[in-house]
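Enquirer: Handing you a structure now.
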Amino acid sequence: MAPLLERSLRTATWMFADDLGIVARAPHELVAAVAADPRRTVFVVPELHGAYEPVDIVEHLLLPLLALPQVRMVIETRTDVPCTEVLIGSVAAPAVMDLADPRWTDRAGFDRWAASIRPTTAEANPNLVDVIDCYPSPGRALGWAPVPTAAPVLPSFDVDTLLAAEPHRVAAWLEEAERTGGHVGELGRAWIRAGQSLHLAQPRASRALVLLAALGSGGAAAAGEALDVRARLAEHAASGPWQVVWSTTRDDDGPGWPGPVAALAPGTAQRRGQVLIAGVSGDLRVIPAQGGVPQARLAADTTGTPLAVFGLPDGTVVVLDEWGRDHTVGEASYPVGGGLRGLLDAAVDEWKPLRDALLEFPGSVPGDARLTAACAVQGGAAFGDETGRVHVLIRQPSEHPGPPDVLTRQVHEGPVTALASLTLAADDGAEGPCLVYSGGTDGNVHVWGLGSEPLEVPVQARPYPVTALSADDGAVLGAAIAVAWADGLVRHEVLDPGSDHAEFHTAVRELRPGPPVRALCCLDRYVVIGTDEMTVVMEPR
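According to this note's numbering, the sequence shown is numbered sequentially starting from -11.
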């Protein structure tokens, strides 16, 4: 249900998307998401006539949705307004119930009710001749004024006003400014970018944090007033559970914007301490864990949008493309000594059997299932497929060379959408067991301790598909996991903080950045969030 009183086209889209558990920045994204789901969907839309620019809502949102065979709507609107005429005139054989029709009214009951409120109503509304003459409209009897459909005017457009104002009024004002060619500035563009998150009920500190993340660094233009805006937002966000370490958006005019993000992963070997960013076109960039200008670009022989990227211990980068095929990128890095020993070591490539097996594995998946997710694990790699299975390939020890072992388990109902792993430390400081985390379209996150069976009960469960997953061994904060779901929520949990970070024992931090979350990367104390419109580095407080 989405009551549209004083709502604009954009906020109506966000409300519908919230009800469906998805993120949609514009009407066409919502329509595409609904079209992709064949299940029957019924929208209940009260007070269409009370929206800002209701004809736009009808033409750009309601009618495209009604064109889908699985969609039905129950819409409340007045009979004497243009949006109703457009709606009824554009829908084939609508079922219309006129609530003023004598069949649906009770004159005697209305008269009794009117008589009971007549003294109070006459005092409050002396211009009314008699409430009984207002039949069959109780609103007229109570003196309700016509609903204004002009966009509101904000007293000012500064940080304090934005954070205190009703979010749907801010969005409506911005839409009107865009429509009339007004200047919304970078603060207005940031609000629109994160709007689906900002319009939800939340503390001011959370709203300031989301807006600060969506604002980006501003590139070379961030000076003077722009820096003051960011400082003011940071003050408001200071009491929240996160702080923004770095952020860049498509509006930034500097070299920091890496483009829309499809996948993220921590770097290995020579790229240790850095983050691998796979763009939607298959390009690969490398940035520091705390954010900043990309420090390298890797040539990738891939086409289409990557589903996952990860690094092997030898420095090889592996990309899983949208067709379920994997590709290696970059060069391996070997510790080579000097003299004759160096020549011998250079000739020994102990990771080659694993690399070869990874490239061959998509063609040997049981049942010819398409691979849908991938990540690095201790001594190997893991893949998820469209049937809900997780496959782990483990390299043989160097003293027993040969093809890697392959372990396969059925974990999810429906496709696996994301994978992550972490290696726990043993009591003596050595490497302990390896845990593989998997997320799926079923909304569940399961954990599989290699050497045992996957836990039947999910460690996280929500009624929305998992869109991204990352885990970190926790050299700084302790072992941690971050999960993103299709409704836009990111949840970060420190699993084993250790004695040096007791403040993280019970802390589960959540964030809704606004745009759809495509990828996550936990690295040291940072959480990198990748979307189509911005890349953000967050740090838990």
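Cβ coordinates follow ideal geometry from the N, Cα and C atoms, glycine included.
Identify which residue in 219, 233 and 197 has its Cα closest to the Cα of residue 225.
Expert: Ranking the options by Cα distance to residue 225, first place goes to 197.
Enquirer: State whether the region 63 to 78 contacts the region 17 to 28, with contact taken as three or more CB pairs (one from each stretch) at a distance under 8 Å.
Expert: With a cut-off of 8 Å, the region 17 to 28 and the region 63 to 78 do not count as touching, because too few Cβ pairs lie within range.
Enquirer: Once DSSP output is grouped into helix, strand and coil, what is the label at residue 235?
Expert: Three-state DSSP puts residue 235 in a strand.
Enquirer: Would you call residue 449 buried or exposed, if buried means 16 or more other Cβ atoms sit within 10 Å of its Cβ?
Expert: Residue 449 is exposed by the Cβ-count criterion.
Enquirer: Of all the options 76, 1, 38 and 72, which has the alpha carbon lying nearest to the alpha carbon of residue 48?
Expert: That would be 1, whose Cα lies nearest to the Cα of residue 48.
Enquirer: Assuming residue 305 contacts residue 299 (C-beta within less than 8 Å), just tell me the rounded distance between them.
Expert: Right, their Cβ atoms sit about 5 Å apart.
Enquirer: Quick check on residue 38: does DSSP put it in helix, strand or coil?
Expert: Three-state DSSP puts residue 38 in a helix.
Enquirer: Is it a yes or a no for the region 37 to 55 touching the region -7 to 8, going by three-plus beta-carbon pairs under 8 Å?
Expert: Cβ pair count under 8 Å is three or more, so yes.
Enquirer: For the putative contact between residue 456 and residue 508, defined by C-beta atoms under 8 Å, what is the C-beta separation to the nearest angstrom?
Expert: With 8 Å as the limit, residue 456 and residue 508 qualify as a contact, their Cβ atoms being about 4 Å apart.
Enquirer: Rounding to the nearest angstrom, what Cα-Cα distance links residue 350 and residue 155 in this structure?
Expert: Rounded to the nearest angstrom, the two C-alpha atoms are 47 Å apart.
Enquirer: Identify the continuous beta strand (DSSP E) that holds residue 382 and give its terminal residues.
Expert: Segment 377 to 382, the beta strand (DSSP E) holding residue 382.
Enquirer: Rounded to whole angstroms, what is the Cα-Cα separation between residue 175 and residue 474?
Expert: Taking the straight line from one Cα to the other gives about 26 Å.
Enquirer: Would you say residue 88 faces chain C, with C-beta separation under 8 Å as the test?
Expert: In the structure shown, chain C cannot be found, because there is only a single protein chain.
Enquirer: By how many angstroms is the C-alpha of residue 379 removed from the C-alpha of residue 371?
Expert: If I take the Cα positions, the gap works out to 5 Å.
Enquirer: When DSSP labels each residue in this structure, what does residue 167 get in the three-state scheme?
Expert: Note: residue 167 maps to helix in three-state DSSP.
Enquirer: Residue 481: which of 528, 145, 314 and 86 sits nearest, CA to CA?
Expert: Among 528, 145, 314 and 86, the Cα nearest to that of residue 481 belongs to 528.
Enquirer: Which residue marks the beginning of the alpha helix (DSSP H) containing residue 179, and which one marks its end?
Expert: Note, residue 179: alpha helix (DSSP H), 173 to 181.
Enquirer: Identify which residue in 202, 227 and 229 has its Cα closest to the Cα of residue 217.
Expert: Measuring from the Cα of residue 217, the nearest candidate turns out to be 202.
Enquirer: Taking the alpha-carbon positions, what's the residue -10 to residue 5 distance?
Expert: Spanning the two alpha carbons is a distance of roughly 10 Å.
Enquirer: Between the region 282 to 291 and the region 349 to 364, do three or more beta carbon pairs fall short of 8 Å?
Expert: With the cut-off at 8 Å, the region 282 to 291 and the region 349 to 364 do not touch.
Enquirer: To which residues does DSSP link residue 509 through a beta bridge?
Expert: In DSSP, residue 509 forms a bridge with 516.
Enquirer: Could you name the residues of the same chain whose beta carbon sits closer than 8 Å to that of residue 389, not counting the 5 residues immediately before and after it, in chain order?
Expert: Result list for residue 389: 338 and 341, in chain order.
Enquirer: If contacts are defined as beta-carbon pairs under 8 Å, then residue 13 and residue 501 qualify, I think. What distance do you get, rounded to the angstrom?
Expert: Actually they do not touch by this definition, with Cβ atoms about 12 Å apart.
Enquirer: Check this for me: beta carbons of residue 434 and residue 443, under 8 Å apart or not?
Expert: Yes. Within cutoff.
Enquirer: From this set, 479, 466, 280 and 239, which residue's C-alpha is nearest residue 411's C-alpha?
Expert: Closest by alpha carbon: 466.
Enquirer: Tell me the DSSP secondary structure of residue -6 in three-state form.
Expert: Coil, per DSSP.
Enquirer: Please report the residue range of the beta strand (DSSP E) in which residue 405 lies.
Expert: 404 to 413 is the span of the beta strand (DSSP E), which, as asked, contains residue 405.
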